[in-house]
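Every letter in the sequence shown is one number past the one before it in numbering that gives the first Met the number 0, and letter 141, counting from 1, is 140. What follows is a single structure, written as structure tokens, with notes after it.
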Amino acid sequence: MKLLMLCREPRLYSCVRLQEAAIESGHQMDILDPNRCILQLPHQGTPRLYYQAIDTQDYQPLPHYDGVIPRFGTTSTEMGCRVLRYFETLSTPILNGSQSFALARDKWQSLQVLHQHQLPVPTTTLGGNEVSAELISQNIGSPAILKTLTGAQGIGVMLMPENNSTTSVLETLKHANIPVLAQQFISEAKGDDLRCFVIGNRVISAMERQGKLGEFRANFHRGGSAVPTTLTAQEQQLAIKAAQVIGLDIAGVDIIRTHQGPMILEVNASPGLELIEKTSKLDIALQMIVYLEKKIIAASSTK
């Protein structure tokens with residue numbers, strides 16, 4: 000099979016591992032930057048996709064691909080999802096379609112969908128640009144977590160210990176026209192969370208992420224560490240259901256344990272592999288390739 004990974008940084012651990020797993024499985028895999036793609040809708044005929052390689056002024060049509068894996072970052076979401084949509088018009092199997100990928104990248108809209116399906120999330124507030132920052136900070140209380148609507152690896156997430164600090168930061172971000180949501184801080188979690196790695200309809204691995212001393216974010220890229228953990232049946236079902244309602248084949252579902260039971264913090268459409276593979280000792284990249292193989296075979300049997 001000829002596979003495509005959409006990724007801006009092919010040297011990243013996750014991209015390297017997925018390409019290794021694809022090659023070991025007997026497939027070819029190209030890694031292309033979605034921001035170097037050229038989409039064309041001709042007056043007549045089918046949509047076209049071209050690619051301009053680095054350091055060239057020329058562009059080439061891309062070949063047929065049997066399956067696609069999106070691994071682009073938050074700064075490439077819009078163009079990346081447009082490229083995914085092109086492949087969807089060709090009925091090419093994709094690990095996470097364009098709409099689901101874009102939904103997961105919007106923290107507020109994804110929380111709305113989770114809440115709509117009666118999945119537990121922390122109390123969260125989003126105010127319009129004309130709403131006073133003081134009113135929002137009073138509504139959510141303190142301490143509070145502020146999050147920009149997009150962002151990954153803990154970037155754009157801030158802990159506000161008091162209402163006045165929440166108000167000050169909200170006013171600054173509003174002035175810069177940066178939408179931000181305010182979320183209740185769950186003190187009993189102590190900066191720890193659960194990362195549940197979902198492929199299809201099952202959790203294949205889970206770890207408890209622990210923030211470094213003095214850090215409320217448990218993200219690996221913020222200096223956090225992790226240990227293997229065993230999920231309760233309720234936590235497993237929450238993770239699977241969260242991935243399903245967002246519409247993801249592959250998901251990293253972040254859950255915190257609270258006095259009120261487990262709550263979902265976020266659903267990630269492009270979860271990193273480095274920490275989960277090193278913690279679990281599992282070849283998760285290979286499992287992703289195997290899952291894509293099955294999607295491709297199932298799609299071809301219906302044609």
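C-beta: ideal position from N, C-alpha, C; glycine also.
Cutoff 6 Å; reference D29; Cβ partners in own chain excluding five residues on either side: Shown here for D29: same chain residues with a beta carbon closer than 6 Å to its own, the five before and five after excluded, namely L3 in chain order.
Report the rounded CA-to-CA distance for V289 versus E170, giving the unit in angstroms. 48 Å
Would you mind reading off the limits of the alpha helix (DSSP H) that contains A21? Y12 to E23
Taking Cβ to Cβ, would you say L94 is nearer than 8 Å to I239? no
Any chance you could list the beta strand (DSSP E) runs of at least 3 consecutive residues sitting entirely within the stretch 17 to 76, in chain order? 27 to 31, 36 to 39, 47 to 50 and 66 to 69
So for L145, helix, strand or coil by DSSP? strand
What does the alpha-carbon distance come out to for the pair I203 and S131? 44 Å
Measuring alpha carbon to alpha carbon, tell me which of K280, L11, I245 and N34 ends up nearest H114. Nearest option by C-alpha distance: I245.
To which residues of the same chain is N200 closer than 7 Å at the C-beta, ignoring the five residues directly before and after it? Contacts found: I239.
8 Å contact criterion, which L5 and V82 should meet: CB distance rounded: 6 Å
Is it buried or exposed, S13, if we count other Cβ atoms within 10 angstroms and call 16 or more buried? buried
Where does S300 land, buried or exposed, given buried means 16+ other C-beta within 10 angstroms? exposed
Whether or not the stretch 75 to 90 and the stretch 270 to 285 are in contact is what I'm after, with contact meaning three or more pairs of Cβ atoms, one per stretch, closer than 8 Å; do they touch? no
Given L291, which residues of its chain have a CB within under 6 Å of its CB, disregarding the five upstream and five downstream residues? G66 and L94
Can you tell me the Cβ-Cβ gap for I135 and A181, rounded? I've got them flagged as a contact below 8 Å. Contact between I135 and A181 holds: their C-beta atoms lie close to 6 Å from each other, under 8 Å.
Beta strand (DSSP E) segments (min. 3 residues) lying fully within the stretch 219 to 287: 224 to 227, 249 to 257 and 260 to 267
Do Q98 and I198 have their C-beta atoms within less than 8 Å of each other? no
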